[in-house]
Amino acid sequence: MKIDDWLLEILACPACKAPLRAEAATEELVCTDCGLIYPVRDDIPVLLVDEARKP
Ligand SMILES: [Zn+2]
């Protein structure tokens, strides 16, 4: 997964606006607050609540 640090810093959870952290093992982005898990497709984070998994 190629999510740049600067990109990760400006990304926020669309549900609660908290920062996200990259989960390298599963190539997903995890919200640090509500815990929703967002997929990354073709190196593009899909920050849609409808697409997110519940923890
Ligand atoms: Zn959240």
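The sequence shown begins at 1 in the UniProt record's numbering and counts up by one.
Glycine included, each C-beta is placed from N, C-alpha and C at the ideal position.
Item checked: Own chain partners of Ala18 with C-beta closer than 6 angstroms, once the 5 adjacent residues on each side are dropped -> Cys31, Thr32, Asp33
Next item on the list: State buried or exposed for residue 101, treating a residue as buried only when at least 16 other CB atoms are found within 10 Å of its CB.
Entry: With the chain covering only 1 through 55, there is no way to say anything about residue 101.
Next item on the list: Could you work out which residue in Leu20, Ala24, Thr26, Cys16 is closest to Trp6 when comparing CA atoms only?
Entry: Leu20
Checklist line | CA nearest to the CA of Ala52, picked from Asp43, Lys2, Ala24, Cys13 | finding: Cys13
Notebook entry, point to check: Just the Cα atoms here: how many angstroms apart are Val40 and Ala25?
Noted result: 12 angstroms
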